[in-house]
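Student: In mature numbering (1 follows the signal peptide of the UniProt record, and there is no 0), the protein residues as written are -30 to -1, 1 to 772. In this text, a Cβ means the ideal position worked out from N, Cα and C, and glycines have one as well. From a predicted model like this one, the values you see are computed outputs, not experimental measurements. Take a look at this one; I'll ask things after.
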């Protein structure tokens, strides 16, 4: 018997307060004066003349090449100043592939990538177009140090779950600087670009960000009208359409609408599909003004089959476990049942206010409310000792894999969440004597509520086992219903919680942050800041089997996270920096994306603490055509929290871990028609203290070497015979899957390519090829299983732009 699912309700008060603050200024927007366009300029003094008011330049249209011109694309602007002097100003527009000139896009990080003292990787719009990127996961393949994973335990998790430099980042995904709390697979139809800020960043984003943060900059209204549409089709019954419309309604109001529809199966895996659609309208009041307000709405619906991959087994006489597919099991094997499903609905409403009060002070207020509804049912396979023994015997067909993990789950559940966040901040620029200052301060308040109802199978024993070599998803007589129908069949939650039907979690974070950057000389500056957070979370497991008492837990913590940076900037094209930062991760941080954020055993654990030391250099060369970056870092983490893959129990290992290494990148325009973006990372990670058996072992999921490269060349551009050809390589060395280094996954090597042709200024056709060698790679990594990546696939794309 099935029941209707209850949708979470967004509490209206905190959301209304934040949005009202922005909407209340709308009547004044039409009367404000436009703010000067901020561009990267070179100044050349000329003759003196009478004072005049310069016109605000308009940013030139994006192209694949770097340009040196004025705002109209012709020579310099002649600007007269109040002292009678006239100067020539040249606007340098960097190549879109040179990511150093990309603004971070956050009020708390107002500089571009070049002038921000931290390792930052950007996936630009041009790269996503050339690769025909369709999801956040695909975009992040271009960033070294990113690993996809899924939470363990009886609750299971899916959606986007990432690790940065080997440390969890599933709660560190942001859109325009505001946290996205949802557990879902994010489509990229609304992305302008993706930024990965590496290293502890709690001073900017709050608790978490041990390995870093992922920030998505979305498409919002601009001054130029356009209609962009595309259709893709190809391997795996792939069909996809996208739409992007921008219209300037008045001189100060513009709207934009992006949309997507996507249906596909997964090449190289049985039974898997994703059917999703999304829409993202937005409007800006005060376009080009000192006072502006942007409202964005986002919706995505997704119906897909979750993939928990293939089990890892240890062959007798070998030192490491490997995926069963390395021993001849078909990569297409999927071990779920016909009841496995993930249905998600995501709605987010965002309002962003920017008010440049004067040339020295700018105020920001960003508000978001989110609704997340999700039904999740998956099978978590595991090959135990009996399964392994049978597989390596003379009769491997007798091997049976378990679908229920180590705790009788995961079982299906319905998850309904709501969240609200408001960040109010101010940026002040001023001078005292010869010292220039930039101060940033503000308050960040967020609340997240999570409610889950556990379901149970009528006959869980019937779904428990299936053949390792030839799995069958069909289980006769199996059915699923709410937990109260089969209370004895619900998952037995560890640590004495028992078989409970309802799980409720909530958390509130109130944070205050401040930083100052002082230029002690034009070429040297010091930046220091901190963030204080008061974190309060609670968790309850109720209902279900009455013989076990309900569990109610709470946790409150105050955290303080500082950072200090030293920056040497000999000119506007180069910077050498040192950065030291700390971050804190309370155990109850993962409200929406963990099986139990708190338990009777771990609710008193101390939070994880991490510390970063980093030295780096950035250089934008050849009139901003090419950007180079290099950094060396040491990342230390104390009081590491570990999850037991056999039972989902979270424990405080007390381990200290460190990851240190080197990261390099080059991006931009090598020659007139030749662009490239390449990265390399070398990591040296290990457990340095705590569990004796783990000391000296490599940190799980962290490769020693990782590299990406993508390059394209335009043949005969802007002629009827034009052709763009390109391709790239993604390589990740093999990694260990557990802290004891007893299981390992082989290296990933993927070759991709693209060829495209432009029909006039409006129409374009392209063909992308993925994993051209059809190599058996592994995407999502777990401690006792891995997920095979997509096989060889081709995708045709037809696009139009008006």
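Enumerate in chain order the residues of its own chain whose CB-to-CB distance from residue 746 is below 7 Å, with the five nearest sequence positions on each side excluded.
Tutor: Along the chain shown, one-based indexing puts residue 746 at 776. Counting only Cβ-Cβ distances below 7 Å, and skipping sequence neighbours, we find 295, 301, 758.
Student: So, are the CB atoms of residue 239 and residue 304 less than 9 Å apart?
Tutor: Counting from 1 along the chain shown, the entry for residue 239 is found at position 269. Counting from 1 along the chain shown, the entry for residue 304 is found at position 334. Result yes, Cβ atoms of residue 239 and residue 304 sit closer than 9 Å.
Student: For residue 852 and residue 423, what's the separation of their Cα atoms in angstroms?
Tutor: Residue 852 lies beyond the residue range present for the chain, which begins at -30 and ends at 772; the question has no answer from this structure.
Student: Exposed or buried, what is residue 505 when buried is set at 16 or more other beta-carbons lying within 10 Å of its beta-carbon?
Tutor: Counting from one through the chain shown, the residue named residue 505 turns up at place 535. It counts as buried.
Student: Is the beta carbon of residue 707 less than 9 Å from the beta carbon of residue 751?
Tutor: As a first step, residue 707 must be located in the chain shown, where it is residue number 737. As a first step, residue 751 must be located in the chain shown, where it is residue number 781. Taking 9 Å as the Cβ cut-off, residue 707 and residue 751 qualify as a contacting pair.
Student: From residue 719 to residue 108, what distance separates their C-alpha atoms?
Tutor: The residue labelled residue 719 in the question sits at position 749 within the chain shown. The residue labelled residue 108 in the question sits at position 138 within the chain shown. About 15 Å.
Student: With the cut-off set at 9 Å, would you say residue 603 and residue 631 are in Cβ contact?
Tutor: Numbered from 1 along the chain shown, position 633 holds the residue referred to as residue 603. Numbered from 1 along the chain shown, position 661 holds the residue referred to as residue 631. Yes; because the gap between Cβ atoms is below 9 Å, this pair is in contact.
Student: Output yes or no for whether 9 Å exceeds the beta carbon distance between residue 673 and residue 702.
Tutor: As a working mapping, residue 673 is identified with position 703 in the chain shown. As a working mapping, residue 702 is identified with position 732 in the chain shown. Yes.
Student: Helix, strand or coil for residue 148? Go by DSSP, reduced to three states.
Tutor: Sequence index remark: in the chain shown, residue 148 carries index 178 (1-based). Of the three classes helix, strand and coil, the one that applies to residue 148 here is strand, per DSSP.
Student: Where does the unbroken alpha helix (DSSP H) through residue 97 begin, and where does it stop?
Tutor: Working through the chain shown from its first residue, we reach residue 97 at position 127. Here the alpha helix (DSSP H) through residue 97 covers 95 to 101.
Student: Assuming residue 173 is part of the beta strand (DSSP E), what are its boundary residues?
Tutor: For the purposes of this step, residue 173 is taken as residue 203 along the chain shown, with counting starting at 1. Premise fails: residue 173 lies in the alpha helix (DSSP H), 172 to 175, not in any beta strand (DSSP E).
Student: In the DSSP output, which residue or residues are listed as bridge partners for residue 522?
Tutor: Sequence index remark: in the chain shown, residue 522 carries index 552 (1-based). Answer is 510, bridged to residue 522.
Student: State yes or no: is the C-beta of residue 75 within less than 9 Å of the C-beta of residue 159?
Tutor: Start at 1 with the first residue of the chain shown, and residue 75 comes out as number 105. Start at 1 with the first residue of the chain shown, and residue 159 comes out as number 189. No, they are not a contact pair.
Student: Just to confirm, is the Cβ distance from residue 427 to residue 456 under 9 Å?
Tutor: Mapped onto the chain shown, residue 427 falls at position 457. Mapped onto the chain shown, residue 456 falls at position 486. Taking 9 Å as the Cβ cut-off, residue 427 and residue 456 qualify as a contacting pair.
Student: Take residue 695 as the anchor and find which of 101, 183, 288, 276 has the nearest alpha-carbon.
Tutor: Mapped onto the chain shown, residue 695 falls at position 725. Ranking the options by Cα distance to residue 695, first place goes to 101.
Student: In its own chain, which residues sit with a C-beta less than 6 Å from the C-beta of residue 274, not counting the 5 before and 5 after it?
Tutor: For the purposes of this step, residue 274 is identified with residue 304 of the chain shown, where counting begins at 1. Within its own chain, the residues whose Cβ lies closer than 6 Å to the Cβ of residue 274, once the five positions on either side in sequence are excluded, are 244, 312, listed in chain order.
Student: Does the distance from the CB of residue 550 to the CB of residue 606 come in under 9 Å?
Tutor: Position 580 of the chain shown holds residue 550. Position 636 of the chain shown holds residue 606. No; because the gap between Cβ atoms is not below 9 Å, this pair is not in contact.
Student: Is it the case that the region 171 to 184 contacts the region 480 to 500, given that we only count it when at least three CB pairs across the two stretches are under 8 Å?
Tutor: Enough Cβ pairs lie closer than 8 Å, so yes.
Student: Report the partner residues of residue 324 according to the DSSP bridge assignment.
Tutor: One-based indexing of the chain shown puts residue 324 at position 354. DSSP lists 262, 334 as the beta-bridge partner residues of residue 324.
Student: Expressed to the nearest angstrom, what Euclidean distance is found between the alpha-carbon atoms of residue 642 and residue 580?
Tutor: For the purposes of this step, residue 642 is taken as the residue at position 672 of the chain shown. For the purposes of this step, residue 580 is taken as the residue at position 610 of the chain shown. If you draw a straight line from the Cα of residue 642 to the Cα of residue 580, it comes to about 44 Å.
Student: Could you check whether residue 342 and residue 316 sit closer than 9 Å to each other, using their CB atoms as the reference points?
Tutor: Reading the chain shown from its first residue, position 346 is the one you call residue 316. Reading the chain shown from its first residue, position 372 is the one you call residue 342. In this structure, residue 342 lies closer than 9 Å to residue 316 by Cβ.
Student: Relative to the alpha-carbon of residue 671, which residue among 536, 137, 730, 677 has its alpha-carbon at the smallest distance?
Tutor: Walking along the chain shown from the start, residue 671 turns up at place 701. Per the Cα distances, 137.
Student: Is it buried or exposed for residue 395, if we count other Cβ within 10 angstroms and need 16 for buried?
Tutor: Your numbering for residue 395 matches position 425 in the chain shown. So residue 395 ends up on the buried side.
Student: Tell me the residue span of the beta strand (DSSP E) that contains residue 475.
Tutor: For this step, residue 475 is matched to residue 505 along the chain shown. Where residue 475 is concerned, the enclosing beta strand (DSSP E) stretches over 472 to 491.
Student: What is the DSSP secondary structure of residue 132, counted as helix, strand or coil?
Tutor: On the chain shown, position 162 is the one that residue 132 refers to. Three-state result, residue 132: strand.
Student: Start and end of the beta strand (DSSP E) containing residue 777?
Tutor: With the chain covering only -30 through 772, there is no way to say anything about residue 777.
Student: With a Cβ-Cβ cutoff of 9 Å, do residue 172 and residue 562 count as a contact?
Tutor: Your numbering for residue 172 matches position 202 in the chain shown. Your numbering for residue 562 matches position 592 in the chain shown. No. Outside cutoff.
Student: In the DSSP assignment, what are the bridge partners of residue 236?
Tutor: Counting from 1 along the chain shown, the entry for residue 236 is found at position 266. DSSP output for residue 236 lists no bridge partner at all.
Student: So residue 686 is in the alpha helix (DSSP H); what residue range does that whole segment cover?
Tutor: For this step, residue 686 is matched to residue 716 along the chain shown. Per DSSP, residue 686 belongs to no alpha helix (DSSP H) and is neither H nor E.
Student: Within the region 164 to 220, note down every full alpha helix (DSSP H) run reaching 4 residues or more, in order along the chain.
Tutor: 172 to 175
Student: How many angstroms separate the CA atom of residue 645 from the CA atom of residue 184?
Tutor: For the purposes of this step, residue 645 is taken as the residue at position 675 of the chain shown. For the purposes of this step, residue 184 is taken as the residue at position 214 of the chain shown. Residue 645 and residue 184: Cα-Cα distance of roughly 25 Å.
Student: Ordered along the chain, which non-local residues of its own chain (more than five positions away) have a Cβ less than 6 Å from that of residue 665?
Tutor: In the chain shown, residue 665 corresponds to position 695, counting from 1. Excluding sequence neighbours, residue 665 sits near 657.
Student: Quick one: measure Cβ to Cβ for residue 186 and residue 144, integer angstroms, because I've assumed they're closer than 8 Å.
Tutor: Residue mapping note: residue 186 aligns to position 216 of the chain shown, counting from 1. Residue mapping note: residue 144 aligns to position 174 of the chain shown, counting from 1. Contact holds; Cβ gap of about 7 Å.
Student: Going along the chain, which residues of its own chain have a beta-carbon closer than 6 Å to the beta-carbon of residue 416, five neighbours each way excluded?
Tutor: For the purposes of this step, residue 416 is identified with residue 446 of the chain shown, where counting begins at 1. Around residue 416: 391, 479.
Student: Can you find the residues in the same chain that come closer than 6 Å, C-beta to C-beta, to residue 775, ignoring five residues on each side of it along the sequence?
Tutor: Since the first and last residues shown for the chain are -30 and 772, residue 775 lies out of range.
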